[in-house]
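The structure appears right after this line, and notes come after that.
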């Protein structure tokens, strides 16, 4: 599967962890881990929340095809 999101890279850039993000979103850390490894993808509403929490544009979280 192709890497669809850049979540892991943006978390590193912002010096945040998947555990921190999971806590902010009220999600299980394993769910966020799946997003970071591109095994699963967050829904659009969650993606917008993630962008807001990380203070980035949603487009920065998505790999351009």
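Residue numbers (the working numbering): 667 to 731. All C-beta atoms in this analysis are idealised placements derived from N, C-alpha and C, irrespective of residue type, glycine included.
Local conformation of residue i per DSSP, three classes
i	result
residue 728	strand
residue 697	helix
residue 692	coil
residue 683	coil
Contact under 8 Å by Cβ, residue i with residue j
i	j	result
residue 729	residue 672	yes
residue 695	residue 685	yes
Residues near residue i by beta carbon distance below 8 Å, same chain, minus five either side
i	result
residue 726	672, 676 and 717
residue 691	698, 712, 715, 716 and 719
Strand pairing of residue i, partner residues [DSSP]
i	result
residue 671	728
Closest Cα partner of residue i within the set the options
i	options	result
residue 715	706, 688, 695 and 700	688
residue 713	724, 706 and 704	724
Beta-carbon contacts of residue i that lie in its chain and below 6 Å, excluding the five residues immediately before and after
i	result
residue 701	673 and 708
residue 706	700
Residues near residue i by beta carbon distance below 7 Å, same chain, minus five either side
i	result
residue 704	667, 669, 670 and 671
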